[in-house]
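Reviewing the structure listed below.
Number of protein chains: 2
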Amino acid sequence: MKPVVGTLAIIGFGLIGSSVARAVRRSNAARRIVACDASAAARRTIRRLGLADRIVSNPADAATGADVVIVCTPMSAFARIARAVGPRLKPGAILTDAGSVKRAAIDHLAPYVPAHAHLVPAHPIAGTENSGPESGFADLFKGRWCIVTPMPRTPKPAVATVEALWRRMGSHVTRMTPQHHDRVLAIVSHVPHLIAYTIVNTASDLESTLRAEVIRYSASGFRDFTRVAASHPIMWRDIFLANKDAVLEMLGRLYEDIALMQKAIRHDEGATLQRLFTKARRIRRSVVAQKQD
Amino acid sequence: MKPVVGTLAIIGFGLIGSSVARAVRRSNAARRIVACDASAAARRTIRRLGLADRIVSNPADAATGADVVIVCTPMSAFARIARAVGPRLKPGAILTDAGSVKRAAIDHLAPYVPAHAHLVPAHPIAGTENSGPESGFADLFKGRWCIVTPMPRTPKPAVATVEALWRRMGSHVTRMTPQHHDRVLAIVSHVPHLIAYTIVNTASDLESTLRAEVIRYSASGFRDFTRVAASHPIMWRDIFLANKDAVLEMLGRLYEDIALMQKAIRHDEGATLQRLFTKARRIRRSVVAQKQD
Numbered sequence: 001m002k003p004v005v006g007t008l009a010i011i012g013f014g015l016i017g018s019s020v021a022r023a024v025r026r027s028n029a030a031r032r033i034v035a036c037d038a039s040a041a042a043r044r045t046i047r048r049l050g051l052a053d054r055i056v057s058n059p060a061d062a063a064t065g066a067d068v069v070i071v072c073t074p075m076s077a078f079a080r081i082a083r084a085v086g087p088r089l090k091p092g093a094i095l096t097d098a099g100s101v102k103r104a105a106i107d108h109l110a111p112y113v114p115a116h117a118h119l120v121p122a123h124p125i126a127g128t129e130n131s132g133p134e135s136g137f138a139d140l141f142k143g144r145w146c147i148v149t150p151m152p153r154t155p156k157p158a159v160a161t162v163e164a165l166w167r168r169m170g171s172h173v174t175r176m177t178p179q180h181h182d183r184v185l186a187i188v189s190h191v192p193h194l195i196a197y198t199i200v201n202t203a204s205d206l207e208s209t210l211r212a213e214v215i216r217y218s219a220s221g222f223r224d225f226t227r228v229a230a231s232h233p234i235m236w237r238d239i240f241l242a243n244k245d246a247v248l249e250m251l252g253r254l255y256e257d258i259a260l261m262q263k264a265i266r267h268d269e270g271a272t273l274q275r276l277f278t279k280a281r282r283i284r285r286s287v288v289a290q291k292q293d
Numbered sequence: 001m002k003p004v005v006g007t008l009a010i011i012g013f014g015l016i017g018s019s020v021a022r023a024v025r026r027s028n029a030a031r032r033i034v035a036c037d038a039s040a041a042a043r044r045t046i047r048r049l050g051l052a053d054r055i056v057s058n059p060a061d062a063a064t065g066a067d068v069v070i071v072c073t074p075m076s077a078f079a080r081i082a083r084a085v086g087p088r089l090k091p092g093a094i095l096t097d098a099g100s101v102k103r104a105a106i107d108h109l110a111p112y113v114p115a116h117a118h119l120v121p122a123h124p125i126a127g128t129e130n131s132g133p134e135s136g137f138a139d140l141f142k143g144r145w146c147i148v149t150p151m152p153r154t155p156k157p158a159v160a161t162v163e164a165l166w167r168r169m170g171s172h173v174t175r176m177t178p179q180h181h182d183r184v185l186a187i188v189s190h191v192p193h194l195i196a197y198t199i200v201n202t203a204s205d206l207e208s209t210l211r212a213e214v215i216r217y218s219a220s221g222f223r224d225f226t227r228v229a230a231s232h233p234i235m236w237r238d239i240f241l242a243n244k245d246a247v248l249e250m251l252g253r254l255y256e257d258i259a260l261m262q263k264a265i266r267h268d269e270g271a272t273l274q275r276l277f278t279k280a281r282r283i284r285r286s287v288v289a290q291k292q293d
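Top to bottom, those sequences are chains A and B.
If you number the first sequence the way the numbering used here does, the last residue is 293 and the count never jumps.
If you number the second sequence the way the numbering used here does, the last residue is 293 and the count never jumps.
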């Protein structure tokens, strides 16, 4: 199959960036890959693994001559990167990203995109708890969804190019408004991560004898939480700051529901508990049925 | 290797009971397995899979002539089963269980154990989200911990027999007081399950457009919670009722920690979030290092 784009610049080579490189290379989605990472260790790894045709340390160099630039760093770096990249974007070039909060991504990126280039925000719903360029793999996006949140006046061909790129990497593609995206992700991803981080810390604050046992006996529910809580601390800090309103709203709803469970336990209301647990199990079955497990 | 016990009666053939049967058979831990399940469908499955030498529907029949009786049902059935089993226990016979809350297990079982038999409570820390006799497998307990909570006056050989049985099935064995066990399990298992059930229900109560999307985009954290929330509703109802005090105490601690996170988000305290997330990640590394992942 012929490439979807000519030169693709990937800025930030962690789990997502390095998986994009692998998936793009395997599917021949781009003629040429330019890798950009601020870390010298990451650049050495990219070289050793042969993940790019050219490796640079600075976003402006990466963007120069690129047809598509995709920003895969934590969101706190977005504005700085866009400021460097914007002036180098050639006519018709596309700036896209993989950020987890779309309103904030647009706020950070859009001001620096010149009129002759196009911003097409996107978010692949895939990941693992691992970080760094070694942790990526070509199948990360296969069968997963990528949500594109186009700007009202972006030309259709630019949006179509980004969508074609993700489809070539194996993703299903859908569109949403940035606002809707941010609410959906708050409940399916951001609040679950927040709770996982919290519960792991609650356990680690117990008396030291209990703490050792928490780790030893983690096979019974806790380990799933610790896995989620192993995710990248800076990336997640940025997500919570960027999606504050939706996260606080969903957390408020969760609080009310925990209070119901707590009350049912306190008052020995077995029938209420059983009903709530049975309902949750049905949701799991839907997840399995839609092959997102 | 020669068998650890002569006749082993397994009462309740769900995930745990049927895994015990498979592990015992593979390791020749018992000369003879008697299976007992109240469900005719479960008994047909046991027969079809050849998991036992004898299959009965009632606990009294299962216990008659058994050297060791292990109760693997949800905890709400414990007292009823003990009442039926107690009078049939032969001199020197051992009654044990796989219940998740040890103080409650002892409260339900001990009153019915005659002076000539022995109660040795135990809890294998292993499981999956699946239920029923088909869901078991011989490796379920391999490398996992089994916590034995012996009674003060139980003869040492009876405790040693139960420990040898679990070791033969591949488990590490440790001892605790029932009280300590129940606190450890509240934080590593019971509260995480409660939160997982709750968050799945919070998501399912959203407006219907959002709800469909929650399932579709579950690959980003939510699916781990739905997996935990797929666990057996009756078993879990019983656990929360049986371990009420420890669960409510640990839930109270968790509340305080969620409030800290919430406040850090509300006030844009990025450094606090990053510190808390980094701490949680370290705990995950300990879990991985201890091979409980």
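Positions of the beta carbon are idealized from the N, C-alpha and C atoms, including for glycine.
Source: prediction; values computed, not measured.
Next on the checklist: Is residue 134(B) close to chain A? Criterion is C-beta to C-beta, closer than 9 Å.
Outcome noted: no
Item to check | Bridge-paired residues (DSSP) for residue 172(A) | outcome: 145(A)
Checklist entry - How big is the Cα-Cα spacing for residue 107(A) and residue 228(A)? => result Taking the straight line joining both Cα atoms gives about 28 Å.
Item to check | 6 Å CB neighbourhood of residue 59(A) in its chain, flanking five on each side removed | outcome: 11, 36, 81, 84, 85
Checklist entry - Contact check, residue 128(B) vs residue 147(B) under 8 Å by CB: the rounded distance? => result With a Cβ gap of about 19 Å, residue 128(B) and residue 147(B) do not count as contacting.
Checklist entry - How would you list, in chain order, the residues of chain B whose beta-carbon sits under 7 Å from the beta-carbon of residue 225(A)? => result 192
Next on the checklist: Taking DSSP's pairing of strands, which residues face residue 5(A) in a bridge?
Outcome noted: 30(A)
Next on the checklist: Closer than 8 Å is the cut-off here; do at least three beta carbon pairs connect the stretch 247-266 of chain A with the stretch 183-198 of chain A?
Outcome noted: yes
Item to check | Cβ distance (whole Å) where residue 117(A) is taken to contact residue 89(A) below 8 Å | outcome: 4 Å
Next on the checklist: Distance cutoff 9 Å, beta carbons only. Does residue 102(B) sit that close to anything in chain A?
Outcome noted: no
Checklist entry - In whole angstroms, what separates the C-alpha of residue 141(B) from that of residue 50(B)? => result 20 Å
Checklist entry - Going straight from the alpha carbon of residue 255(A) to that of residue 43(A), what length do you get? => result A straight line joining the alpha-carbon of residue 255(A) with that of residue 43(A) spans about 44 Å.
Next on the checklist: For residue 124(B), report the span of its beta strand (DSSP E) as first-last.
Outcome noted: 122-124
Checklist entry - Is residue 284(A) near residue 230(B), with beta carbons less than 9 Å apart? => result Contact flag set, yes.
Checklist entry - Which residue from 287(A), 243(A), 54(A) puts its Cα closest to that of residue 99(A)? => result Taking the Cα of residue 99(A) as reference, the smallest distance to any Cα among 287(A), 243(A), 54(A) is reached at 243(A).
Checklist entry - Which bits of chain A does residue 233(B) rub up against, with CB to CB less than 7 Å? => result 274, 277, 278, 281
Checklist entry - Shortest alpha-carbon distance to residue 275(A) belongs to which of 236(B), 9(B), 144(B), 278(B)? => result 236(B)
Next on the checklist: I need the DSSP call for residue 113(B), collapsed to helix, strand or coil.
Outcome noted: coil
Next on the checklist: Can you look up residue 54(B) in the DSSP assignment and give me helix, strand or coil?
Outcome noted: Strand at residue 54(B).
Next on the checklist: In the DSSP output, which residue or residues are listed as bridge partners for residue 118(B)?
Outcome noted: 94(B)
Next on the checklist: Under DSSP, the alpha helix (DSSP H) around residue 69(A) begins and ends at which residues?
Outcome noted: Not the alpha helix (DSSP H): residue 69(A) falls in the beta strand (DSSP E), residues 68-71.
Next on the checklist: I want to verify the contact list: residues of chain A whose CB lies under 9 Å from the CB of residue 26(B), in sequence order.
Outcome noted: Chain A residues near residue 26(B): none, gap ~20 Å exceeds 9 Å.
Item to check | Rounded C-alpha distance that separates residue 234(A) from residue 76(A) | outcome: Roughly 8 Å separates the two Cα atoms.
Item to check | Contact set between the stretch 152-182 of chain B and chain A, restricted to residues whose Cβ is under 7 Å from the partner | outcome: none
Checklist entry - Can a CB atom of chain A be found closer than 9 Å to the CB of residue 75(B)? => result no
Next on the checklist: Could you give the first and the last residue of the continuous alpha helix (DSSP H) run that contains residue 182(A)?
Outcome noted: Run containing residue 182(A): 178-185, per the alpha helix (DSSP H) assignment.
Next on the checklist: Give me the chain B residues within the contact set of residue 197(A), using Cβ-Cβ distance strictly less than 8 Å, ordered along the chain.
Outcome noted: 261, 276, 277, 280
Checklist entry - According to DSSP, is residue 230(A) helix, strand or coil? => result coil
Item to check | Option nearest residue 45(B) by Cα separation, candidates 170(B), 258(B), 13(B) | outcome: 13(B)
Item to check | Boundaries of the alpha helix (DSSP H) in which residue 201(B) is found, first to last residue | outcome: 191-204
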